[in-house]
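Protein chains in written order, with this note's numbering: chain B, -3 to 449; chain Z, 8 to 184.
Shown next, in the form of structure tokens:
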């Protein structure tokens, strides 16, 4: 068979997909609990990993942040590394579901739901870390403006407060957007479900949706407006996160390239995570009709291009460091290039710049296994990049006598692994209980195809 | 005397047939009717003669409220209620108030828009007479329904049935009250 031509809008869905087949293919995953063996295996693993988090966080609450490897000068450590990493991952979901909706890219319709779910769970994992890092996590509400008996306010000039607002807004808007999209699909499940208990469960979430034309019209208006609101968030959230660093004066942080460089990195790592999650699901649940090679190619292209931007970011950072005539910037850059941080720096370059070059090849972009491994490498590389940003600058500031180093403890690792467990647990529960692909969006796509010659 | 049904409902297999049916029902002068589809059908609401919605306005007002309220809060707290002199910088340092203003604009716009959506479509509402129709579950699968409601001044069972019959639906059913 001839390979589908590059680009849109051909063959988004395999031929022969009808409305009823779309309902059956998607709804049968939660309804008929198909391929349960895989799911239980994965869920058991996820729960095992989640137990790491439970234990690590309990110990943290008992003993305080001293159980982590953080010190003075490296006060941020893994907690902030993981925060930036997770929140970056969330961005691809919003980009796929909101920006591609507004740009009328129909290929998003079979992958938007999964990516939105990924966004929400990733932001949840991310939001946990700064709170744990507070030292006194039970007073997290000090970050919010509330009627305080001491008459205090948050410091609104501080990027850390901006961050609380940015992440809170991002999470809330993503959750609303996701749920609004899910309501009609919950109605589909309600109408297909046979067990009365689960029927009631879906009925509650479907809110009595009946597919009325008037409801659909308003639903679409609200959905598109929410997409419009979510779109600037894709750019703003990671920009604000980057300001946590860029507003600080440390060498390697105090740089105007940070906001765009962080946003590109967020999209890069987010698409890598979407692929890491979607490729196994596609083959386990046999969704090849809905997630076609065309989708893989498109996602790989976005990932590749944002990766090139990230590479440009590394290049400019190094160039500016070497030519800045600021001895501390220079020392920081040298430490990355061939000093004490060289292993991390070159691992980042390998994972994020060199290995992704294989994506020039279309064969790699549509090959499940190759793409899966590249996406794993990028996930790792983007995590290392955040280690580089957070740790290297803090360890080497302006007074050589206060320079230090950082080494994570077992509790740091347990928290990181455990956050992965939390993410997987939520994600697996989601694909077991809710339609992982937006049923009504796919049907819209099928209807459009009927119109087209 | 048996009570009047909620309405008379015709079932179609394609969205195009449903739009055509909705247009001719509007042309016939029916006003109290609704269509039920498994996915949004472009132009269906217009074909039914329904008015445009005011949801965008709710989003806009929410955004204005959130943005201005957020900025006011920052100005009031930083410049009036608890002024802190940090390195002689101005109390009303507006550039650093922008991020939170922006985030609150988006947040309040989204929250009020979603609230407005549910208020305007009167959901959640778990029970509705339309669910009494036989096989109505297929409205969330692959069938397209047009329901003429009995409280329409033009509605009478015989004429409505004759009218729907001309549209060649798969079938016509009475929706019990």
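All residues carry an ideal CB built from backbone N, CA and C; glycine is no exception.
The structure presented is a predicted model; accordingly, all values stated were derived computationally and were not measured.
In the three-state reduction of the DSSP assignment, residue 151 of chain Z falls in the strand class, which pools E and B. Around the beta carbon of residue 299 of chain B, a 10 Å sphere encloses 16 or more other beta carbons of the protein chains shown; the residue is thus reported as buried. DSSP, read as helix, strand or coil, puts residue 36 of chain Z in coil. The stretch 116 to 132 of chain Z makes no contact with the stretch 80 to 100 of chain Z: fewer than 3 CB pairs, one atom from each, lie closer than 8 Å. By a beta-carbon distance limit of 8 Å, residue 162 of chain B contacts residue 106 of chain Z. Their separation comes to about 7 Å. It is roughly 49 Å from the alpha-carbon of residue 178 of chain Z to the alpha-carbon of residue 112 of chain Z. Between the alpha carbons of residue 71 of chain Z and residue 146 of chain Z lies a gap of roughly 38 Å. Excluding sequence positions up to five before and after residue 416 of chain B, its CB lies within less than 7 Å of the CB of 45, all in the same chain and listed in chain order. Among the bridge pairs identified by DSSP, residue 16 of chain Z is matched with Z:154 and Z:180. Inter-residue distance for residue 44 of chain Z and residue 176 of chain Z is about 14 Å (C-alpha atoms, whole angstroms).
When C-beta distances to chain B are compared with 8 Å, the residues of the stretch 41 to 62 of chain Z below that value are 41, 42, 43, 44, 45, 46, 47, 48, 51, 52, 55, 57, 60 and 62, in chain order. Only residues of its own chain outside the window of five on either side were considered, and among them 155, 159 and 161 have a CB closer than 7 Å to the CB of residue 37 of chain Z, listed in chain order.
Under DSSP, residue 285 of chain B forms no beta bridge with any residue. Remark: fewer than three beta-carbon pairs, one from each stretch, lie closer than 8 Å, so the stretch 99 to 115 of chain B and the stretch 401 to 412 of chain B are not flagged as touching. A residue is called buried when at least 16 other Cβ atoms come within 10 angstroms of its Cβ; residue 144 of chain B does not meet this threshold and is exposed. Within the stretch 206 to 217 of chain B, the residues whose Cβ lies closer than 9 Å to some Cβ of chain Z are 206, 207, 208, 209, 210, 211, 212, 213, 214, 215, 216 and 217, listed in chain order.
Between residue 172 of chain B and residue 331 of chain B, the alpha-carbon positions lie close to 45 Å from each other. Between the alpha carbons of residue 117 of chain Z and residue 230 of chain B lies a gap of roughly 15 Å. According to the DSSP assignment, residue 23 of chain B belongs to the alpha helix (DSSP H) that extends over 15 to 27.
The C-alpha of residue 21 of chain B is placed about 14 Å away from the C-alpha of residue 11 of chain B. Residue 321 of chain B counts as exposed, since fewer than 16 other C-beta atoms from the protein chains shown sit within 10 angstroms of its C-beta. Comparing alpha-carbon positions, the option among B:25, B:91 and B:149 lying closest to residue 227 of chain B turns out to be B:91. Between residue 354 of chain B and the set B:283, B:340, B:373 and B:336, the nearest pair of CA atoms involves B:373.
In the three-state reduction of the DSSP assignment, residue 140 of chain Z falls in the coil class.
Secondary structure at residue 432 of chain B: coil, using DSSP grouped into helix, strand and coil. Its chain contains 82, 85 and 86 as the residues whose beta carbon lies nearer than 8 Å to that of residue 99 of chain Z, once the 5 sequence neighbours on both sides are disregarded; these appear in chain order. Rounded to whole angstroms, the gap between the alpha carbons of residue 197 of chain B and residue 93 of chain B is 26 Å.
Put simply, the stretch 279 to 288 of chain B does not touch the stretch 248 to 256 of chain B. Fewer than three CB pairs are less than 8 Å apart.
Identification of chain B residues near residue 39 of chain Z by a Cβ-Cβ cut-off of 8 Å yields none; the smallest Cβ-Cβ distance measures about 12 Å. Along the stretch 118 to 137 of chain Z, going in chain order, the ones with a CB nearer than 8 Å to a CB of chain B are 118, 120, 121, 123, 124, 125, 127, 128, 130, 131, 132, 133, 134, 135 and 137.
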